[in-house]
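Novice: Just dropping this structure here.
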Amino acid sequence: MKKIVLTGGGTAGHVTPNIALLPGLSQNGFDISYIGSYNGIEKDLIEAENISYYGISSGKLRRYLDLKNLSDPFKVMKGFGQALRLLRRLKPDIVFSKGGFVSVPVVLAAKLRHIPVIIHESDITPGLANKIAIPSARKVCCNFPETLKYLPKEKAVLTGSPIRQELLSGNPENARAYCRFETKKPVLLIVGGSSGSKVINDAIRAQLPVLLKDFQIIHLCGKGNLDNHLLHTKGYAQFEYISQQLKDMFALADIVISRAGANAICELLALRKPNILIPLSAKASRGDQILNAKSFEKQGFSYVIEEENLTASTLLAAIDAVSGQKDVYLHNMSSSGQMDSIRTILQIIEKELH
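So our numbering is basically just the index in the sequence shown, starting at one, shifted up by 6.
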């Protein structure tokens, strides 16, 4: 049996594309294992898929001054040793990495053991972890045409991002019942990322009385971010994180307000959901979400509000604009020519085995 090790973690965006590949890998006869961090979000997500999971030490690679920069290199070195031992034991034929800091020791260990590595980069510009890993990879799959110029020409392949196929089969009535919505008013879905977004949460909750006049609201607010004062607000359903019911909530949603992580926005494109993107500020990131959002805005898929410009008036104006031009956004997304990413990546994996 062919063996593959998947790796990637730190955020849901570094895990869900790997999950999207699982059915195809199984159908193609692969024995699948996963290497992630001890207690990252990837552990729960992958173990829920009944995939063998192995945790290793993981240190964060920072571009800024922090005392942890003194200790984390030792965690990375420890993770590298653990990854070497795991790969020796698992004997995979190939490694597929979705990025994130935990993937770096796995990719470097695979290179040392002469195991072919394929990397997927979701954002327009490669993150630091993938920049370190790219020299050890045979191929680097990417999501945006703009990314090709940042990658070695002989390694770069435009594949798009693997989308979990179950997201396309949601039942809106299941979500209506789960959220206890009693009317047929349009539904606004807010997705702030796996850890939530305080700025988005605060903006939505500040405008609840106004928004609830025209919408019912599903608010995925992130771990520890529930507002107990709003638990019984009619037409407003808040959750820390949703997994199984997410496909139904997407099916029910008329408009989605989201961060601009590459995987999240590609899911919105695949689902043909008119959306408002509020990318993570460049002050709190390397600016990749801003580039992602601008690309989707340029293609006519999304309305974008930069975080620094998020106010009550800009939020309400954005919702009005998208509501009034839903047909335009739907037409643009339907004409996108989105790639069959899963099939393309599976073909690359098979090719690199021979």
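Note that the Cβ used here is the ideal one computed from N, Cα and C, for glycine as well.
Bridge partners of Y60, per DSSP?
Specialist: The residue labelled residue 60 in the question sits at position 54 within the sequence shown. I41, per the DSSP bridge assignment.
Novice: Using the C-alpha atoms, what's the distance from A323 back to E172?
Specialist: Walking along the sequence shown from the start, residue 172 turns up at place 166. Walking along the sequence shown from the start, residue 323 turns up at place 317. Those two C-alpha atoms are separated by around 33 Å.
Novice: Inspect the beta-carbon positions of K121 and N136 and report whether they are closer than 8 Å.
Specialist: The residue you call residue 121 lines up with position 115 of the sequence shown. The residue you call residue 136 lines up with position 130 of the sequence shown. Here the sequence assigns Ile to residue 121, which means Lys is not the residue at that position. No.
Novice: In the DSSP assignment, the alpha helix (DSSP H) including L283 goes from what residue to what residue?
Specialist: If you number the sequence shown from 1, residue 283 lands on position 277. Counting along the chain, L283 falls outside any alpha helix (DSSP H), though it belongs to the beta strand (DSSP E) covering N281 to L283.
Novice: Let's test the definition: count the other Cβ atoms within 10 Å of the Cβ of P168 and tell me whether it reaches 16, buried, or not, exposed.
Specialist: Translated into positions along the sequence shown, residue 168 becomes position 162. P168 is buried by the Cβ-count criterion.
Novice: When you compare each of S347, D346, L286 and N281 to I325 by their alpha carbons, which one comes out closest?
Specialist: In the sequence shown, counting from the first residue as 1, residue 325 sits at position 319. For the residues S347, D346, L286 and N281, the minimum Cα distance to I325 belongs to N281.
Novice: Buried or exposed: where does M339 fall if 16 or more other Cβ atoms within 10 Å of its Cβ makes it buried?
Specialist: For the purposes of this step, residue 339 is identified with residue 333 of the sequence shown, where counting begins at 1. M339 comes out buried.
Novice: Once DSSP output is grouped into helix, strand and coil, what is the label at H225?
Specialist: Here residue 225 refers to the residue found at position 219 of the sequence shown. The answer is strand: DSSP assigns H225 an E or B state.
Novice: Going by other Cβ atoms of all chains shown within 10 Å of its Cβ, with 16 needed for buried, is M83 buried or exposed?
Specialist: Along the sequence shown, one-based indexing puts residue 83 at 77. Answer is exposed; the Cβ neighbour count stays below 16.
Novice: Counting pairs of beta carbons, one from the region 203-211 and one from the region 310-319, are three or more of them closer than 8 Å?
Specialist: With a cut-off of 8 Å, the region 310-319 and the region 203-211 count as touching, because enough Cβ pairs lie within range.
Novice: Give the straight-line distance between the Cα atoms of V146 and H337, rounded to the nearest whole angstrom.
Specialist: Your numbering for residue 146 matches position 140 in the sequence shown. Your numbering for residue 337 matches position 331 in the sequence shown. Those two C-alpha atoms are separated by around 31 Å.
Novice: Distance, Cα to Cα, V163 vs Y242?
Specialist: Position 157 of the sequence shown, counted from the start, is the residue given in the question as residue 163. Position 236 of the sequence shown, counted from the start, is the residue given in the question as residue 242. Cα-Cα distance, rounded: 43 Å.
Novice: Compare the Cα-Cα distances from K8 to each of G30, I100 and N231 and report the closest residue.
Specialist: In the sequence shown, counting from the first residue as 1, residue 8 sits at position 2. Per the Cα distances, I100.
Novice: Answer with buried or exposed for E127, where buried requires no fewer than 16 other C-beta atoms within 10 angstroms of its C-beta.
Specialist: Position 121 of the sequence shown, counting from 1, holds the residue named residue 127. Answer is buried; the Cβ neighbour count reaches 16.
Novice: Verify whether the separation of the beta carbon atoms of R383 and S203 is less than 8 Å.
Specialist: Outside the displayed range of the chain (7 to 360) lies residue 383, so it cannot be described from this structure.
Novice: Of the residues D220, L237 and A183, which one's Cα is nearest the Cα of V193?
Specialist: Position 187 of the sequence shown holds residue 193. When each option's Cα is compared against that of V193, the closest is D220.
Novice: Provide the residue span of the beta strand (DSSP E) that contains I10, from first to last.
Specialist: Here residue 10 is taken as the residue at index 4 of the sequence shown, counted from 1. I10 -> beta strand (DSSP E) spans K8 to T13.
Novice: Run the CB neighbour count on Y309, radius 10 Å, all protein chains shown included, and call it buried at 16 or more, exposed below.
Specialist: Locating residue 309 in the sequence shown gives position 303, counting from the first residue. Looking at its Cβ environment, which holds 16 or more other Cβ atoms inside 10 Å, Y309 is buried.
Novice: Could you check the C-alpha separation between L359 and N269 for me, to the nearest Å?
Specialist: Walking along the sequence shown from the start, residue 359 turns up at place 353. Walking along the sequence shown from the start, residue 269 turns up at place 263. The straight-line gap from Cα to Cα measures roughly 26 Å.
Novice: Does K97 come out as helix, strand or coil in the three-state DSSP assignment?
Specialist: As a first step, residue 97 must be located in the sequence shown, where it is residue number 91. Coil.
Novice: Among R170, Y40, V205 and Q244, whose alpha-carbon lies nearest the alpha-carbon of S287?
Specialist: As a working mapping, residue 287 is identified with position 281 in the sequence shown. Answer by Cα proximity: V205.
Novice: Hey, G228 and G198 are a contact pair by Cβ (cut 8 Å); roughly how many whole angstroms apart?
Specialist: Here residue 228 is taken as the residue at index 222 of the sequence shown, counted from 1. Here residue 198 is taken as the residue at index 192 of the sequence shown, counted from 1. The pair is a contact, with the Cβ atoms about 5 Å apart (cut-off 8 Å).
Novice: To test your reading of the DSSP string, which unbroken beta strand (DSSP E) runs of 3 or more residues are found completely within the region 249-298?
Specialist: Runs of the beta strand (DSSP E) inside the region 249-298: 261-264 and 281-283.
Novice: Alpha carbon to alpha carbon, how far is E48 from A18? Give it in angstroms, no decimals.
Specialist: The sequence position of residue 18 within the sequence shown is 12, counting from 1. The sequence position of residue 48 within the sequence shown is 42, counting from 1. The alpha-carbon atoms of A18 and E48 are separated by roughly 7 Å.
Novice: Buried or exposed: which applies to F187, given that a residue is buried once 16 or more other Cβ atoms fall within 10 Å of its Cβ?
Specialist: Along the sequence shown, one-based indexing puts residue 187 at 181. Burial call: buried.
Novice: For S43 versus G15, is the C-beta distance shorter than 8 Å?
Specialist: Your numbering for residue 43 matches position 37 in the sequence shown. Your numbering for residue 15 matches position 9 in the sequence shown. Contact: yes.
Novice: With a threshold of 6 Å on Cβ separation, who are the neighbours of I38 within its own chain once the five nearest residues in sequence on each side are excluded?
Specialist: Stepping through the sequence shown from its first residue, residue 38 is reached at position 32. Correct list, in chain order: I10, L31 and I57.
Novice: Can you name the residues that DSSP bridges to I125?
Specialist: Start at 1 with the first residue of the sequence shown, and residue 125 comes out as number 119. Answer by DSSP bridge pairing, in chain order: S103 and V146.
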